[in-house]
Each structure stands twice: as C-alpha cells, then as structure tokens.
Amino acid sequence: MNLDDCISIVTEYDEQKYRAGQIFNWIYKRNVQSFTEMENLPKQLKLNLSDNYLLNPLKILKVTGAKSAKTRKFLLECQDGERIESVLMKEQKRITICLSSQIGCALGCEFCATGTMGIIRNLTVGEIVAQYLLLLKESEKPITNVVFMGMGEPFLNYNNVVKSADLLNHPDGINLGARHITVSTAGIVPQVIQYTQERHRYKLAISLNGSTQEQRLKTMPIAKKYPIDKLIESVKYYNIETKNLVTFEYVLLAYINDSESDAKSLINLISDVPCKLNVIPYNEIGGKFRRPSNEKVRDFLSNFSNASFTVTTRWSKGADINAGCGQLVVN
Ligand code: SAH
Ligand code: SF4
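Residue numbers 1 to 331, in the numbering used here, belong to the letters of the sequence shown in order.
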C-alpha cells in the first residue's frame, strides 16, 4: 500500500490523516513485522489493523548460501502456498536484491528456467515489496540496488511493478534512489512506450539476446509478437524522450550467438542507440544450450574494443547455487 492507500484505511477507522504517515513510516522505514510494534498508534487502531490487514505476506521457506556468502537465494512462500525465489548479492559496497515480479513466466525463453514453469500468476505489490523488506532483515548491510530480474516478466505485471518501484523510491519510506532500481524486460514494446510516456526514472534494461529477428526467434518466442525492429524503435523513442541510456542484456550461448559475426551484427544493430551492453555468459539449466568457455567469452568481448558504447560482463554470482540469471525456478 502506498501513502494514499494508508490514508483511505485510517479514514475508514475515523482516524486523522497523519496516522497514515505514521503507519507508512513503521512499515517502510522501520520495517516492523507486526502492528503491535507501532508504538505511537492508538491501541484500537492497532487492533483493527491487526484484525484486518497483513504486514508481511511472505514467509522464508529456505535459504541457500551461508550468511557470509556473496550470494544467497531465498525460497519464499506466498499466502496461497505459491512459492517464489529472490536473491541477495554482495559485491564490495554494493548490495543488490534481485526481485521476482511474477510466479513463473509466460514468455518461455528457451534458455531460462523460469520460462519452463509457464505463468502461474502476477505478484501483488505487497508480495514484491515484501521480498525487499524481508531480505533487508537478512542482510548484514543496507540494500543499495534493486533489480527486477528475478522470476517473471516485469512489463507483463506493469502496474504492480511500477507501484512497487515507486514504494521502494518513496522519500518517506525505503528511499532508494531511482537510478538504483532497474527494470528488465524481454521486450514488451507497448510497455516500453508506456514507461517512456509516464516518465519513470528507474533504469531500463532490455534482454536482446540476439542481433537479428531470426536469431531472437530461435530462443525467445516473444520476438514473434514484438519484432526486433519495433523493439529497437521503442528503445530509441525512450532515449529521445528521457535522455536515458538503456542497457541491452545479451545472454551468450555457445555456438548460437557467440561468434565474431554475431558481435559485428550486434554492433551494427545498436551502434546508433545510446546504450550500454551487458554480456551475460549463459548459466546452464540442463537444457540444450551450453555456456561458452571463458576464453570464448573474452574473444567475443574483444570485438567491441572500438564500439561506441560501454560493454560490461555479468559473471553471474550464485550460479553454483542455481541463483544465477535465468536459474530461478520452483517445482
Ligand atoms: N523477464 C525479464 C527479467 C528476468 S530475466 C527479462 O527477460 O529481461 C533477467 C535476465 O536474465 C535477462 O536478461 C535474461 O535474458 C537473462 N537470462 C535468462 N536465462 C538465463 C540463463 N540461463 N543464463 C544467463 N542469463 C539468463
Ligand atoms: Fe521470462 Fe525473462 Fe525468463 Fe524470458 S528470460 S522466460 S522473459 S523470466
């Protein structure tokens, strides 16, 4: 719930509006786990809230990775018994949480474990933000970055994802900077346009994963509905309107899209788009694809030494505990 939602609730109980601000503060700033801890609220209001509302809709079922480990994966249970995974990663001063936006995913990208689940349902705003609040309690240090790169396609749960990002960003609550929040999409063109028009300031990442329509079609069925030229067009529109760069993600699959000519074709495709490129060596999920050797990854990267854009490599953290990109799945 955002501040307006909290105001509606307190008004319903004939309380003054400022009570909503107090509740908002307890939930998002103080991260309390029960209404009884909200010391400055009237007793009756606390009772009413406890009887009718839920502060934390998720329960931790399992944690993989030691507290000291760089990557820890959390299996979480929703109220209806459905389960999701979230990942906490630390790298020097940066603590990143990878949030799920849906249970499963409808898009069925061939290289992604979540895609094998099909879609079960969208997560609510409460379930998305609760991943953050719950894992913050588990984290030794404050979380500095949020990426919507867990289970699901954020732009197919658009309203809830945007509302969640707004809550994470709210100055009276969690107060995470907009540029510390990244939404990643497999390329849902109408929502890229909507996102641009609504002027959201969260970073945008686009999973390209291929440099031609034909190549994308081989691994990403959604490319049929939203072809690569329309996707690139929408990204250019985003850039012109917001002056922000997008990050193109490119999962590197051995013998599929990792050759020198693939690199050249990629340069051709995105050179006139103000962007960054993030190359993600494929994390194996037991399917037909293979991860390229580190040498092959370096060879691929060497093609970009004169490129007009910045290139980074995501050596996925947590692949050893199946917490790397694309490895999140519940059975
Ligand atoms: N549905 C969104 C966000 C979740 S996936 C999207 O697809 O963008 C986050 C990133 O992980 C995407 O860039 C996706 O292409 C990548 N990914 C999926 N499966 C992977 C795998 N097995 N190895 C490496 N990266 C993978
Ligand atoms: Fe869904 Fe993203 Fe996985 Fe594709 S890569 S199946 S869009 S979660």
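Note that the Cβ used here is the ideal one computed from N, Cα and C, for glycine as well.
Using DSSP bridges, identify the partner residues of residue i.
i: Val91; result: Looking at the sequence shown, residue 91 is not Val but Glu. Looking at the DSSP assignment, Glu91 forms a beta bridge with Arg94.
i: Lys73; result: Thr64 and Val87
i: Thr219; result: Looking at the DSSP assignment, Thr219 forms no beta bridge with any residue, so it has no partner.
i: Val32; result: Val32 pairs with nothing; no bridge assigned.
i: Glu249; result: Ser207 and Asn278
i: Ile193; result: For Ile193, which the question treats as bridged, DSSP gives no partner whatsoever.
i: Val122; result: According to the sequence as given, residue 122 is Asn; it is not Val. Answer by DSSP bridge pairing, in chain order: Gln102.
i: Lys288; result: The partner list for Lys288 (beta bridge, DSSP) is empty, contrary to what the question assumes.
i: Lys59; result: Glu77
Where does residue i sit, in a helix, a strand or coil, going by DSSP?
i: Phe148; result: strand
i: Phe111; result: coil
i: Ala106; result: coil
i: Asn278; result: strand
i: Asn303; result: coil
i: Ile267; result: helix
i: Thr116; result: helix
i: Thr336; result: Coverage of the chain is limited to positions 1 through 331, which leaves residue 336 absent and any answer about it impossible.
i: Lys43; result: helix
i: Thr185; result: strand
i: Thr312; result: strand
i: Lys317; result: coil
i: Lys141; result: coil
i: Lys296; result: helix
i: Asp5; result: helix
i: Gln213; result: helix
i: Gln22; result: helix
i: His170; result: coil
i: Pro227; result: coil
i: Ala178; result: helix
Can you list, in chain order, the residues of its chain with a C-beta nearer than 6 Å to that of residue i? Leave out the 5 residues immediately preceding and following it.
i: Ile174; result: Tyr28 and Leu168
i: Lys163; result: Val125
i: Ala323; result: Thr71, Lys73 and Val87
i: Leu133; result: Asn31
i: Asn239; result: Pro274
i: Met89; result: Thr71, Thr96 and Lys317
Please go through the same chain and pick out, in chain order, the residues whose beta-carbon is closer than 8 Å to the beta-carbon of residue i, but skip the five residues on each side of it.
i: Glu91; result: Lys70 and Lys317
i: Asp14; result: none
i: Lys62; result: Phe74 and Leu75
If you drop the 5 nearest sequence neighbours on each side, which residues of the same chain put their C-beta closer than 7 Å to that of residue i?
i: Gln33; result: Leu55 and Asn56
i: Leu217; result: Ala223 and Lys224
i: Ala113; result: Ile285, Gly326, Gln327, Leu328 and Val329
Report task. Indicate whether the contact test is met: 3 or more Cβ pairs, each with one atom in the segment 126 to 145 and one in the segment 91 to 102, closer than 8 Å. Result -> yes
Report task. Count the C-beta pairs between the segment 239 to 258 and the segment 283 to 292 that are closer than 8 Å, then say yes if the count reaches three, no if not. Result -> yes
Requested in this report: Could you say if the segment 105 to 124 and the segment 145 to 162 meet the contact criterion of at least three C-beta pairs nearer than 8 Å?
Outcome: yes
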